[in-house]
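Here is the structure we will look at, set down as C-alpha cells.
There are 2 protein chains.
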Amino acid sequence: MTGYPAPLARVIEQLSRLPGIGEKTAGRLAFFLLKEGKESVLALAGSMERLKREMGLCPQCFGLSEIPAGTEEVAPCRVCRDPGRDNHTICVVEEPSDLMAVERSGEYKGLYHVLHGAIFPLNGVGPDALKIKELMARVRAHPPVEIIVATNATRAGDATALYLAKMVKPLDIRITRIARGLPMGGEIEYTDAGTLGEALDGRREL
Amino acid sequence: MTGYPAPLARVIEQLSRLPGIGEKTAGRLAFFLLKEGKESVLALAGSMERLKREMGLCPQCFGLSEIPAGTEEVAPCRVCRDPGRDNHTICVVEEPSDLMAVERSGEYKGLYHVLHGAIFPLNGVGPDALKIKELMARVRAHPPVEIIVATNATRAGDATALYLAKMVKPLDIRITRIARGLPMGGEIEYTDAGTLGEALDGRREL
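Chains A and B supply the protein sequences, listed in that same order. Mapping the first sequence onto my numbering, position 88 (from 1) lands on 71, and the numbers just tick up by one. Mapping the second sequence onto my numbering, position 42 (from 1) lands on 25, and the numbers just tick up by one.
This is the structure in C-alpha cells:
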C-alpha cells in the first residue's frame, strides 16, 4: 500500500482482514467510503461497534442473544425465553446462523444448542473446543425427550453427530439426525453421486 | 433479515450498502464480525471513522490530503507540498486512486489535478460537476508549460479530454494525452480490435 495516506492505508488493511476481501477489493471499498457521506460511514462503523457491545451468547443455548441496554449481562435468547416452545426437544446446530436457518424453515418449535463449530481433528478442533460439555450438563440437568442433530452434511458435521450419539446413547435419550437427500427443486441429472446415494439409502414408503 | 436480532440486522443492512456486497455476503461478513475479537472489530470501525475525520481534499489539486491532528483544515497534499516536484507540468486525472496509480509508476515528477469524475452526459455529469473551473483558475494564475490528460480510455475519459483541450488551447499551453496501445505483456492475438487499432495508429519510429 505504498503511497497511500495513513488513514486510507489503515482502512484498507483492516478491510482486507475480512473473509473473501483481498487487498484490491479492500482498496475499492476504501475509496467508496472516502466518497461516501460522513454520516453513512459513521453509521456503518457504529453498527459494528454496537454489534460487539449489544450481542452476546445465550447462557443456556449459546445462540445469539442481545445484551439489554444498561447491563453487561447477556439475557437468555428469544427462543429460550419463549414459554410456547417445546422444551422436550433440543436441536443441535454448529453455528448461530444455522439456528436462524432452522428458525426460518418454520418447521421447528423446540429449543436449540449451538456448538460453535464441528469436530475437525485436522484443524485441531476437538470436542473440548465446542459447547459439548455444556450440552451434556444441560441434558443431564433437564433430560429432553429427543435431541435432533442438525450439523452440516460434511465430514466435520458427520464426525460431530457420531460423537454426540456416542455421548448421549448411555443417557437413554432419543438422538436423531436430520434427513439427507435431494434438495427442493433438485434434479436427478445434476445431483452428485454422493447425494443420490444418500437419497436412495434414505428412501421412504409412499 | 427476518429473525435476526436488531444489532445483527443493522450491520447486515449497513454492509450491504457497500459496492459489490449483497445481502448474502453482508450476512457472512456480519457473522464473521460476531466471532471476531472485540478489539479487532473496534479497530475496523475506528479506522473508518478516522478515514472520514482525517482525510480531506488538497485545496490545490483536490487529491487526497490528511487533516493535521487538532485542526479542521486540510493541508496541501504531499505532492503539492514537495519542493522537488516540477511545477510546470500538471497531470489531470479522474480520481484520487488514478493519482496514486500514476505515482506508483514512478515515471512522473510534476503536479496533479483531480477532476473527481469524467464528463458523462448520459449520467448527468457535465463539466460543472467536476473540478474543471478550479483547474482553469489554477492554470490561469500559474500557467504550466504542459497539461497531461490522464483520464481513462473510456468514452467519458475521451469526452473529458476533448473538453479540456478545447478549454486550454486558447491559453497557449501545451496539452497532451497519455498514449494508448498494448498493455505491458499484451498479446496481439488476445487484444481487442479497438486497442489494436489505436496501437497501430499510435505507432512510433524504432
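Every residue gets a Cβ at the ideal spot worked out from N, C-alpha and C, and that includes glycine. Keep in mind the model is a prediction, meaning the values are calculated, not measured.
Report task. Return the first residue and the last residue of the beta strand (DSSP E) that residue 160 of chain B is part of. Result -> Residue numbering aside, residue 160 of chain B sits at position 177 when the second sequence is read from its first letter. Here the beta strand (DSSP E) through residue 160 of chain B covers 157 to 160.
Query - Helix, strand or coil at residue 135 of chain A [DSSP, three-state] - result: Here the question's residue 135 of chain A lines up with position 152 in the first sequence. If DSSP states are grouped into helix, strand and coil, residue 135 of chain A belongs with coil.
Requested in this report: Could you name the residues of chain A that residue 98 of chain B contacts, counting a contact when the two beta carbons are closer than 7 Å?
Outcome: Along the second sequence, one-based indexing puts residue 98 of chain B at 115. Ordered by position in chain A, no residue passes the 7 Å Cβ test against residue 98 of chain B, which lies about 13 Å from the chain.
Query raised in the report: Whose C-beta lies closer than 7 Å to the C-beta of residue 52 of chain A among residues of the same chain, with five residues either side of it excluded?
Result: As a first step, residue 52 of chain A must be located in the first sequence, where it is residue number 69. For residue 52 of chain A, where only same-chain residues beyond five positions count, there are no Cβ hits under 7 Å.
Query raised in the report: From the beta carbon of residue -14 of chain B, is the nearest beta carbon of chain A less than 8 Å away?
Result: Here residue -14 of chain B is taken as the residue at index 3 of the second sequence, counted from 1. Answer yes: the Cβ-Cβ gap between residue -14 of chain B and chain A drops below 8 Å somewhere.
Report task. Confirm, please, whether the CB-CB distance from residue -9 of chain A to residue 38 of chain B is below 8 Å. Result -> For the purposes of this step, residue 38 of chain B is identified with residue 55 of the second sequence, where counting begins at 1. For the purposes of this step, residue -9 of chain A is identified with residue 8 of the first sequence, where counting begins at 1. The answer is yes: Cβ separation under 8 Å.
Query raised in the report: What residues match up with residue 48 of chain B in a beta bridge as DSSP calls it?
Result: Counting from 1 along the second sequence, the entry for residue 48 of chain B is found at position 65. BP columns for residue 48 of chain B point to B:39.
Query - For residue 108 of chain B and residue 31 of chain A, believed in contact at Cβ under 8 Å, the rounded distance - result: As a working mapping, residue 31 of chain A is identified with position 48 in the first sequence. As a working mapping, residue 108 of chain B is identified with position 125 in the second sequence. Their Cβ separation, rounded to whole angstroms, is 32 Å, which puts residue 31 of chain A and residue 108 of chain B out of contact at 8 Å.
Report task. Identify, in the order they occur along the chain, each residue of the same chain with its Cβ nearer than 6 Å to the Cβ of residue 157 of chain B, setting aside the five sequence neighbours on each side. Result -> Sequence index remark: in the second sequence, residue 157 of chain B carries index 174 (1-based). Only 129 meet the Cβ criterion.
Requested in this report: Compare the Cα-Cα distances from residue 49 of chain B to each of A:22, A:144, A:17 and A:76 and report the closest residue.
Outcome: Residue mapping note: residue 49 of chain B aligns to position 66 of the second sequence, counting from 1. Closest by alpha carbon: A:17.
Report task. Compute the Euclidean distance between the alpha carbons of residue 124 of chain B and residue 68 of chain B, then round it to the nearest angstrom. Result -> As a first step, residue 124 of chain B is located in the second sequence; it is residue number 141 there, counting from the start. As a first step, residue 68 of chain B is located in the second sequence; it is residue number 85 there, counting from the start. For residue 124 of chain B and residue 68 of chain B, the distance between alpha carbons rounds to 18 Å.
**Report entry** Short Cβ contact (8 Å threshold) for residue 73 of chain A with residue 98 of chain A
**Finding:** Here residue 73 of chain A refers to the residue found at position 90 when the first sequence is read from its first residue. Here residue 98 of chain A refers to the residue found at position 115 when the first sequence is read from its first residue. Taking 8 Å as the Cβ cut-off, residue 73 of chain A and residue 98 of chain A do not qualify as a contacting pair.
Requested in this report: Check the Cβ of residue 62 of chain B against every Cβ in chain A and list those closer than 9 Å, keeping chain order.
Outcome: By one-based count along the second sequence, residue 62 of chain B stands at place 79. Within 9 Å Cβ-Cβ: nothing; residue 62 of chain B doesn't reach chain A, min ~10 Å.
**Report entry** Any C-beta of chain A under 8 Å from that of residue -3 of chain B
**Finding:** Working through the second sequence from its first residue, we reach residue -3 of chain B at position 14. Answer yes: the Cβ-Cβ gap between residue -3 of chain B and chain A drops below 8 Å somewhere.
Query raised in the report: Do you know whose CA, among B:138, B:81, B:76 and B:133, lies nearest residue 104 of chain B's CA?
Result: The residue you call residue 104 of chain B lines up with position 121 of the second sequence. Comparing Cα positions, the closest option is B:138.
Query raised in the report: Looking only at its own chain, which residues have a Cβ that is under 6 Å from the Cβ of residue 101 of chain A, when we skip the five neighbours before and after it?
Result: Your numbering for residue 101 of chain A matches position 118 in the first sequence. Closer than 6 Å at Cβ, skipping near neighbours: 77, 134, 139, 140 and 143.
Query raised in the report: Should residue 56 of chain B be flagged as near chain A, meaning a C-beta pair shorter than 8 Å?
Result: Here residue 56 of chain B refers to the residue found at position 73 of the second sequence. Answer no: the Cβ-Cβ gap between residue 56 of chain B and chain A never drops below 8 Å.
Requested in this report: Please go through the stretch -12 to 21 of chain B and give each complete alpha helix (DSSP H) segment of 4 or more residues, from N-terminal end onward.
Outcome: -11 to -2 and 6 to 18
Query raised in the report: If we count the other Cβ atoms within 10 Å of its Cβ and call it buried at 16 or more, is residue 71 of chain A buried or exposed?
Result: By 1-based counting over the first sequence, the position of residue 71 of chain A is 88. Flag for residue 71 of chain A reads exposed.
Report task. List the residues of chain B whose Cβ lies closer than 8 Å to the Cβ of residue -7 of chain A, in chain order. Result -> If you number the first sequence from 1, residue -7 of chain A lands on position 10. Correct list: 30, 33 and 34.
Query raised in the report: Does the Cβ of residue 173 of chain A have 16 or more other Cβ atoms within 10 Å, making it buried, or fewer, making it exposed?
Result: Position 190 of the first sequence, counted from the first residue, corresponds to residue 173 of chain A. Flag for residue 173 of chain A reads exposed.
Query raised in the report: At which residues does the beta strand (DSSP E) containing residue 94 of chain B begin and terminate?
Result: Sequence index remark: in the second sequence, residue 94 of chain B carries index 111 (1-based). From DSSP, the beta strand (DSSP E) with residue 94 of chain B extends over 93 to 97.
Report task. Taking residue 69 of chain A as part of the beta strand (DSSP E), name the residues at either end of that continuous run. Result -> Walking along the first sequence from the start, residue 69 of chain A turns up at place 86. Taken as a continuous stretch (DSSP letters only), the beta strand (DSSP E) holding residue 69 of chain A covers 69 to 76.
Report task. Could you pull the start and end residues of the alpha helix (DSSP H) that residue 63 of chain B belongs to? Result -> As a working note, residue 63 of chain B is residue 80 in the second sequence. First-last of the alpha helix (DSSP H) with residue 63 of chain B: 61 to 64.
Query - alpha helix (DSSP H) segment containing residue 181 of chain B, residue limits - result: By one-based count along the second sequence, residue 181 of chain B stands at place 198. It spans 176 to 184 - the alpha helix (DSSP H) in which residue 181 of chain B sits, taken as one unbroken run.
Query raised in the report: Counting contacts by CB-CB distance shorter than 8 Å, is residue 108 of chain A in contact with chain B?
Result: Along the first sequence, read from residue 1 onward, the residue named residue 108 of chain A stands at position 125. It does not: the Cβ of residue 108 of chain A has no partner Cβ on chain B nearer than 8 Å.
Report task. Count the other CB atoms, across all protein chains shown, that sit within 10 Å of the CB of residue 83 of chain A; report buried if there are 16 or more and exposed otherwise. Result -> The residue given as residue 83 of chain A occupies position 100 in the first sequence. Buried, by the Cβ-count rule.
Query raised in the report: Using 8 Å as the limit for Cβ to Cβ distance, is residue 24 of chain A near chain B?
Result: Start at 1 with the first residue of the first sequence, and residue 24 of chain A comes out as number 41. Chain B contact via Cβ: present.
Requested in this report: Express the C-alpha separation of residue 184 of chain B and residue 176 of chain A in angstroms, rounding to a whole number.
Outcome: Here residue 176 of chain A refers to the residue found at position 193 of the first sequence. Here residue 184 of chain B refers to the residue found at position 201 of the second sequence. Taking the straight line from one Cα to the other gives about 56 Å.
Requested in this report: Put residue 129 of chain A into one of helix, strand or coil per three-state DSSP.
Outcome: On the first sequence, position 146 is the one that residue 129 of chain A refers to. It is a strand residue.
Query raised in the report: Between the Cα of residue 36 of chain A and the Cα atoms of B:22, B:47 and B:88, which residue gives the shortest distance?
Result: Position 53 of the first sequence, counted from the start, is the residue given in the question as residue 36 of chain A. Ranking B:22, B:47 and B:88 by Cα distance to residue 36 of chain A puts B:22 first.
**Report entry** Alpha carbon of residue 9 of chain A to alpha carbon of residue -12 of chain A, nearest angstrom
**Finding:** Here residue 9 of chain A corresponds to residue number 26 of the first sequence, with the count starting at 1. Here residue -12 of chain A corresponds to residue number 5 of the first sequence, with the count starting at 1. Approximately 15 Å between the Cα atoms of the pair.
Query - Closer than 8 Å to chain B by CB, residue 21 of chain A - result: Translated into positions along the first sequence, residue 21 of chain A becomes position 38. True, the Cβ-Cβ gap to chain B drops below 8 Å.
Query raised in the report: With a Cβ-Cβ cutoff of 8 Å, do residue 164 of chain A and residue 188 of chain A count as a contact?
Result: Here residue 164 of chain A corresponds to residue number 181 of the first sequence, with the count starting at 1. Here residue 188 of chain A corresponds to residue number 205 of the first sequence, with the count starting at 1. Not closer than 8 Å, so no.
Query raised in the report: In chain order, what residues of the same chain lie with their CB nearer than 7 Å to the CB of residue 6 of chain B, ignoring the 5 residues before and after it?
Result: Numbered from its first residue, the second sequence carries residue 6 of chain B at position 23. Result list for residue 6 of chain B: -5 and -1, in chain order.
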